[in-house]
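Below: one structure, written as structure tokens.
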Amino acid sequence: MSMEETSTRKLILYVAGETPKSLAAISNLERICREHLPGKYQIEVIDLKKNPQLAREHKIVAIPTLVRELPIPIRKIIGDLSDEQKVLVNLRVE
Amino acid sequence: MRNSQEQALQSLIDDLRQRVAEAEETLAAIRDGSVDAVVVGGEGKDEVLVIGDDVSAFRNFMEAMEPGAVAVDSAGRLLYANARFRQIFAEDWDRLKGKLLSEILPGPAAQLIGRLINSDSEETAPVSVSFLERGMERNYLVSARPVHLGTVRGFAVTFSDLTERVRAETAERAQRVANAIIASANEAVIVCDRMHNITHANFAAEALSTQKLVGARLDTAIPLKFPDATGILEIGELVESSLAGTPLRSIEAFAPMSPGARDVLVSAAPLNISDDEPEGCVLTLVDLTQRKKDERQMHLLMRELDHRVKNTLALVLSISKRTAASEETLEGFQGSFSGRIEALAATHNLLAGASWESLSLRQIFGAEVSPYAETSGDRINITGPDLSLYPRAAIALGLIFHELATNATKYGALSGETGTIDLEIHPRTDSPSVEVTWTESGGPPVKSFSRKGFGHTVIARSLSYSPHGGTTLDFEPSGVVCRIRIPVSDVA
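Shown next as structure tokens:
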């Protein structure tokens, strides 16, 4: 595995349809990744309104929640991701 | 063994700590409003519950609104956009959702709306913005009102389409300006449509016709006659020519049906409102009547001047010949000739000052006699009503007075210190001539002219151009008496 691949973030964003916070979270995440992690991220958006059972995998309770699946360990960030610094700290490989 | 048990326990404790931390974080997020939905499980089935108001009712309301409407959060991010808004920007909701208004709207409009939603005031005046929608500029009145959407505080922003109203106002203003331009033009301006029906006409144009112009057909309202040289038969041809792309300028024409039948200079240009074919024709008619009248007057004056110059030259030639024949010396000729030409010039000057119309007899007398005696003194008396004489009689009388005055200075009343001259202007009667009498007295004893020189001829013949004009010269012992008959036809 190359360093490049290792540093790719696999991100899962859990949203609830088009609630204001869900829309804000999607928009904020796309912008932060575009600006700070160009080409090094992969986002999957899961709408729990449509598939509530998918909440179990990561034990999601509050929506929106972002899960950093890779690199491990798994990290969760709860909220609409409007605090950019907090998001960047949690996405950075340590 | 003990160690592995301790490790397992420690791992369990770490896991529990992690879960507690997560649980605390989740609760804090719910409490501070960072999330707006939660997953709840019941009977083995998970369900998502949205916290706060149900936004679907709000969305349905927005969807039914006629103006474009969006809901944005405090950062200007689109939380919902109704069908009209999506139509304005030709975008699907999936492409619009979550975007900032500033990413969708053009810069100036985004700035104006940005100020609306950043204002602290609850009541903010709407702003007017315009931007291109499928290549056409459209105008919107944008207003923003604060709303609560779920757990967030945001704004409902509406876009009311003013384009048609703005267009109508612009068109109305343009129409008013166009009408004002036409109305304030000094020249006659007529606008007609492609069918030659008059749609606009200003005051100067109305004065060219006896009927109301707007609504009438051009060729019946203002029929024009064109000189043969133009090759144009009627006014409709000008319209057709300009509609076909050939504007015509400054064509002379005559408007026989216009009040006071006028000469006009006509120009026709196509009325281009759009890029399509001309929608009509704009005609301007410059009134040439006064100019034509002035030209005729000028030609008349030129002919009159020519005639008078010829007459005067003939008279000068005649004076020269006759003076030469009656004078024996060069000095004598010079003196007499100059005196007579000056006499002629004096009358000419007076006539020029009076535009060659008529002269007062007293003025002519004054001009001719004043070089020899004080006309307002004791030695010259004028009695009777003044007469106003036409140029022919004025010139003749000027020459007669000159000869009489010269003679009086040499031999008669003005040759000594005491003689007097009385000029009596007789009142007009039914007679075809008016009489004026020149009577000298107090001078030396009078002898008849020893020889009838040119002076005598001038006195005798100057007024003989008419059977009612002439003079009688008598050499009375007391002084010369000259009876002058002026034809009544030359008295104004």
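Chains as they are written, first to last, in this note's numbering: chain A, 3 to 96; chain B, 11 to 502.
Glycine is no exception: its CB is placed at the ideal position from the N, C-alpha and C atoms.
Since the model is a prediction, treat every value here as computed from it, not as a measurement.
The beta-carbon separation of residue 13 of chain A and residue 70 of chain A, rounded to 6 angstroms, stays under the 8 angstroms limit for a contact. Rounded to the nearest whole angstrom, the C-alpha separation of residue 117 of chain B and residue 124 of chain B is 10 angstroms. Here DSSP, grouped into helix, strand and coil, assigns residue 260 of chain B to strand. The beta carbon of residue 382 of chain B lies closer than 6 angstroms to those of 415, 419, 424 in the same chain, with the five residues before and after it left out.
If the five residues before and after residue 281 of chain B are omitted, its C-beta is found closer than 8 angstroms to the C-beta atoms of 201, 288, 289, 290, 291, 292, all from its own chain and listed in chain order. Rounded to the nearest whole angstrom, the CA to CA distance from residue 332 of chain B to residue 338 of chain B is 12 angstroms. Those residues of the region 154 to 183 of chain B placed with their C-beta closer than 9 angstroms to a C-beta in chain A are 159, 160, 161, 162, 164, ordered along the chain.
For the pair residue 164 of chain B and residue 85 of chain B, the Cα-to-Cα distance works out to about 8 angstroms. Between residue 68 of chain A and residue 90 of chain A, the CB-CB gap reaches or exceeds 8 angstroms. Taken atom to atom, the span from the alpha-carbon of residue 469 of chain B to that of residue 324 of chain B is near 18 angstroms. Against chain B, a Cβ distance below 8 angstroms from residue 9 of chain A picks out nothing, because the smallest value is about 24 angstroms. Relative to the Cα of residue 101 of chain B, the nearest Cα in the group B:78, B:69, B:444, B:121 belongs to B:78. Across the structure, residue 149 of chain B and residue 95 of chain B are spaced so that their CA atoms are roughly 14 angstroms apart. If you compare the alpha carbons of B:362, B:208, B:114 with that of residue 141 of chain B, the shortest gap goes to B:114.
Within the region 28 to 48 of chain B, the residues whose Cβ lies closer than 9 angstroms to any Cβ of chain A are, in chain order, 29, 32, 33, 35, 36, 37, 38, 39, 40, 42, 43, 44, 45, 46, 47, 48. Listed by position along chain B, the residues whose Cβ is nearer than 7 angstroms to that of residue 63 of chain A are 36, 48, 49. With its beta carbon at least 8 angstroms from every one in chain A, residue 204 of chain B lies outside the interface. For residue 98 of chain B, the enclosing alpha helix (DSSP H) starts and ends at 93 to 98. Bounds of any alpha helix (DSSP H) do not take in residue 55 of chain A, whose DSSP letter is neither H nor E.
Between the region 220 to 233 of chain B and the region 266 to 273 of chain B there are three or more inter-stretch CB-CB distances shorter than 8 angstroms, so the stretches are counted as touching. Exposed is the label assigned to residue 316 of chain B, since fewer than 16 other Cβ atoms lie within 10 Å of its Cβ. Distances from the CA of residue 456 of chain B to each of B:473, B:480, B:465, B:484 were compared; the closest alpha carbon is that of B:484.
Listed along the chain, the chain A residues whose CB falls inside 8 angstroms of the CB of residue 87 of chain B are 25, 26, 29. Taking 9 angstroms as the cut-off between beta carbons, the residues of the region 102 to 113 of chain B near chain A are 103, 107, 108, 109, 110, in sequence order.
Runs of the beta strand (DSSP E) lying entirely within the region 376 to 435 of chain B, each at least 3 residues long, are 390 to 393, 430 to 435 in chain order. Runs of the alpha helix (DSSP H) spanning 4 or more residues and lying entirely within the region 23 to 109 of chain B occur at 65 to 74, 93 to 98, 103 to 106, in chain order.
Nearest to residue 48 of chain A by C-alpha distance, out of A:9, A:81, A:19, A:87, is A:19. The beta-carbon of residue 50 of chain A is placed less than 8 angstroms from the nearest beta-carbon of chain B.
For residue 236 of chain B, there is no enclosing alpha helix (DSSP H), as DSSP marks it with neither H nor E.
Residue-level contact by beta carbon holds for residue 58 of chain B and chain A, with a gap shorter than 8 angstroms. Residue burial annotation: residue 23 of chain A is buried, with at least 16 other C-beta atoms found within 10 angstroms of its C-beta.
Taking the Cα positions, residue 494 of chain B is about 19 angstroms away from residue 488 of chain B.
DSSP, read as helix, strand or coil, puts residue 206 of chain B in coil.
Along the length of the region 279 to 312 of chain B, whole beta strand (DSSP E) runs at least 3 residues long occupy 290 to 297, reported in chain order. Around residue 294 of chain B, the same chain offers 197, 199, 277 as residues with beta carbons nearer than 6 angstroms, after the five sequence neighbours per side are excluded. Against chain B, the CB of residue 45 of chain A has no partner CB under 8 angstroms away; the residue lies outside that interface.
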